[in-house]
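Residues in the sequence shown are numbered from 1 upward in steps of one, following full-length UniProt numbering.
Glycine is no exception: its CB is placed at the ideal position from the N, C-alpha and C atoms.
Only one structure is covered here, and it is reproduced in the block below.
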Amino acid sequence: MPHFLLSNLKQARSALEQGNLPKAHSLAMAVVAQDARSAAAYFLLGVCEITRGNIRAGKDLLETSVGFEPSVEGCAQLARVFLLLRRDADALTALQEAESCLNAGKKSDAITRDTIGCAYSRLGMHTASLAHFEAATRGAPSNTAFLYNWAVALSFVGRIDEADKAFEALIARAPDNARAHHGLSGLRRQTAERNHVPRLRATLARAEDPEARLLLGYALSKELEEIGQAKESFQFLFDANKAHKKQLAYSIEQDEQIFDAIEQNWPLYAQAPVNNAPVEAPVFIIGMPRTGTTLVDRIISSHPDMVSAGELQAFPIAVKAASGVRTRLVLDVETIAKAADKNLGMIGRDYIARARSHLPAQGMRFSDKFPGNFMYAGLIARALPSARIICLRRHPMDTVLSNFKNLFATTSRYYDYSYSIEDIARYYVRFDRLMRFWQKEMPCRILEVQYENIVLDQENITRNMLEHCGLSWNDACLSFHKNSAAVSTPSAAQVRRPLYRDALERWKQHEEALMPARRILEQAGIAL
Numbered sequence: 001m002p003h004f005l006l007s008n009l010k011q012a013r014s015a016l017e018q019g020n021l022p023k024a025h026s027l028a029m030a031v032v033a034q035d036a037r038s039a040a041a042y043f044l045l046g047v048c049e050i051t052r053g054n055i056r057a058g059k060d061l062l063e064t065s066v067g068f069e070p071s072v073e074g075c076a077q078l079a080r081v082f083l084l085l086r087r088d089a090d091a092l093t094a095l096q097e098a099e100s101c102l103n104a105g106k107k108s109d110a111i112t113r114d115t116i117g118c119a120y121s122r123l124g125m126h127t128a129s130l131a132h133f134e135a136a137t138r139g140a141p142s143n144t145a146f147l148y149n150w151a152v153a154l155s156f157v158g159r160i161d162e163a164d165k166a167f168e169a170l171i172a173r174a175p176d177n178a179r180a181h182h183g184l185s186g187l188r189r190q191t192a193e194r195n196h197v198p199r200l201r202a203t204l205a206r207a208e209d210p211e212a213r214l215l216l217g218y219a220l221s222k223e224l225e226e227i228g229q230a231k232e233s234f235q236f237l238f239d240a241n242k243a244h245k246k247q248l249a250y251s252i253e254q255d256e257q258i259f260d261a262i263e264q265n266w267p268l269y270a271q272a273p274v275n276n277a278p279v280e281a282p283v284f285i286i287g288m289p290r291t292g293t294t295l296v297d298r299i300i301s302s303h304p305d306m307v308s309a310g311e312l313q314a315f316p317i318a319v320k321a322a323s324g325v326r327t328r329l330v331l332d333v334e335t336i337a338k339a340a341d342k343n344l345g346m347i348g349r350d351y352i353a354r355a356r357s358h359l360p361a362q363g364m365r366f367s368d369k370f371p372g373n374f375m376y377a378g379l380i381a382r383a384l385p386s387a388r389i390i391c392l393r394r395h396p397m398d399t400v401l402s403n404f405k406n407l408f409a410t411t412s413r414y415y416d417y418s419y420s421i422e423d424i425a426r427y428y429v430r431f432d433r434l435m436r437f438w439q440k441e442m443p444c445r446i447l448e449v450q451y452e453n454i455v456l457d458q459e460n461i462t463r464n465m466l467e468h469c470g471l472s473w474n475d476a477c478l479s480f481h482k483n484s485a486a487v488s489t490p491s492a493a494q495v496r497r498p499l500y501r502d503a504l505e506r507w508k509q510h511e512e513a514l515m516p517a518r519r520i521l522e523q524a525g526i527a528l
């Protein structure tokens, strides 16, 4: 390539890094005018379009780039775009091509390796992400975002001591990094002798950013509770949630409308065609968040005939795709109505195709532990006739407390109910009503399991669950804590140790503060 074209490419990349999209686009187009097969120019044009928000146009340009000459950064960015488009299988293919480029000795930089790591993480492939996050931190040791990703990945795969060191190294470089403090706090149970309470108090006192105060408030609340200061712990939790809720354009009525739409449209779903339904028999583990779904997933996936696919969004996305609705939320009233007359067999096949890209071993039977699939239980039962469904139940008051004290993904609108005790209680009432609705409409399809019963009678409940799933008995299911698979949910630390009873009746420590929830539950006839 002539020197002036190389100069144009260098200037275009520099302009892109500085946020000057018009200049970057103009320079890259000038290169294409002279060299119509310039992979580097098409790469830069693709990134320009993605930065502008034109995701599909950017995807096409990136595909052109890697078609001319595969590169690590081109494949990495293509994988990221496919994830944005919810095309997980294509994202995995792009990541495999990036690996091939690396194995062939092609160059890469720290940001590209971090991009690959993030893409693997989005697919739930946390073990695969590790090498890339580590390479990113080696390539850019001062980049705290890369170090944070590395620390989180280490925690997901159970390398707790290494994660601890990585978080501490990050905090040493950025003492006010709230995400690092929150991540470190969640690694293990704190003790009176070993905790971060003084440092968290000081950091929270300095914090002004709302998200930082939210993260630090949760971390401090968790550690205070674990060292026996329950009342002060709850106050920090309450204040953090109250401040965050004020920023949300949310009311519980929005979720109640969705529950209404599911029940009202069920007669259409119950009569919808089911043509060429899949023969696969995945195990869906559903329920309210923080009620033992991760525990049951670990128990079931410890069976040699099973593998966990993690928390998949595959079924909600399959329903959304079938509906043809282009609204922002994956689940809303319009989506429920528009999908009601679609071929459920097609939705089932789409789900299986999407789920396959998340499986560590192809051909194995798998579990899907996305708790929110309880909204779709009726559709799942029809779209996947061989699927087995287990719904976790937990004492209603412990369910309210556990949802209130866990910080879910703040970018997900699914969890907006969780910042108010009253909202959680009202959400639980509708969850309970919907599950009773599903049991009435589909007798024997859903096995309901009480979390407390697993803790008190692990073997018998495990036998019941395996029988429901059509699995033979295996002792490994009793040693679920030895399962080495990655865990990316808030229960990661808990499921790496044997069953414990200290999670039972925790709500009684905060009985007075939880009285508003108790009144709502009792008025709805929920047994306590």
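Alpha carbon to alpha carbon, what distance is there between L312 and G124?
9 Å
Closer than 7 Å by C-beta to residue 531: which residues in its own chain qualify, once you throw out the five before and the five after it? Chain order, please.
Not covered by the structure: residue 531. The range shown for the chain is 1 to 528.
Kindly identify the DSSP beta-bridge partner or partners of V307.
F366
Alpha carbon of T435 to alpha carbon of Y428, nearest angstrom
Here the sequence assigns Met to residue 435, which means Thr is not the residue at that position. One C-alpha to the other measures close to 10 Å.
Write down every uninterrupted run of the alpha helix (DSSP H) in the stretch 321-359 whose length is 4 residues or greater and which is fully enclosed by it, in chain order.
333-338, 344-356
C-beta atoms of I286 and P371 nearer than 9 Å
yes
Excluding the five sequence neighbours on either side, which residues of its own chain have a C-beta within less than 6 Å of the C-beta of A318, listed in chain order?
I347, D350, Y351
Beta-ladder partner(s) of L449, from DSSP:
For clarity, residue 449 is Val in the given sequence; the question names Leu instead. Answer by DSSP bridge pairing, in chain order: L392.
Once you ignore the five residues that flank A30 on each side, which residues in its own chain have a CB closer than 6 Å to its CB?
N8
Going by DSSP, which residues form a beta bridge with A285?
Contrary to the premise, residue 285 reads as Ile rather than Ala in this sequence. I285 pairs with I390.
Beta-carbon gap between S357 and D114 smaller than 9 Å:
no
Between A128 and L220, what straight-line distance do the alpha-carbon atoms span, to the nearest angstrom?
32 Å
Could you have a look at A150 and say whether DSSP puts it in helix, strand or coil?
Note on residue identity: the sequence assigns Trp, not Ala, to residue 150. If DSSP states are grouped into helix, strand and coil, W150 belongs with the helices.
For the stretch 82-122, list the alpha helix (DSSP H) runs that are entirely contained and at least 4 residues long, ordered along the chain.
88-103, 110-122
Taking only the alpha-carbon atoms, compute the straight-line gap between D35 and S418 and give it to the nearest angstrom.
54 Å
Could you tell me if Y451 is buried or exposed, where buried requires 16 or more neighbouring beta carbons within 10 angstroms of its beta carbon?
buried
May I ask you to report which of helix, strand or coil DSSP gives E162?
helix
Spatial neighbours of A272 in its chain, beta-carbon cut-off 6 Å, leaving aside the 5 residues before and after:
D341, L344
How many angstroms separate the CA atom of A281 from the CA atom of I300?
13 Å
Which class does Y427 belong to by DSSP, given the choice of helix, strand or coil?
helix
Tell me the residue span of the alpha helix (DSSP H) that contains L499.
Taken as a continuous stretch (DSSP letters only), L499 belongs to no alpha helix (DSSP H), as it is neither H nor E.
If I measure Cβ to Cβ from A383 and keep anything under 6 Å in the same chain, skipping five residues before and after, which residues do I get?
L344, I347, G348
Counting pairs of Cβ atoms below 8 Å between the stretch 219-237 and the stretch 252-272, do you hit three or more?
no
Out of K165, A169, Y269, state which residue places its alpha-carbon closest to the alpha-carbon of W438.
Y269
Have a look at A140, L170, A145, G186 and flag the residue whose alpha-carbon is nearest the alpha-carbon of S155.
G186
Mind checking S472: buried by the 16 CB within 10 Å criterion, or exposed?
exposed
Sort F234, V72, V81, L92 by Cα distance to V107 and report the nearest one.
Note on residue identity: the sequence assigns Lys, not Val, to residue 107. Nearest option by C-alpha distance: V72.
For P443 and residue 556, the rounded distance between their alpha carbons
The structure shown does not extend to residue 556, since the chain is modelled only from 1 through 528, so no value can be given for it.
What first and last residue would you give for the alpha helix (DSSP H) that runs through I258?
252-271
Excluding the 5 residues flanking S402 on each side, which residues of the same chain have their C-beta closer than 6 Å to its C-beta?
R290
W507 (DSSP reduced to helix, strand or coil)
helix
Same chain, Cβ closer than 6 Å to A524, five either side skipped, listed in chain order:
V429
How would you write the range of the alpha helix (DSSP H) that Q235 sits in, first residue to last?
230-245
T335 versus I424 - alpha carbon distance
24 Å
Please state whether DSSP places T410 in a helix, a strand or coil.
coil
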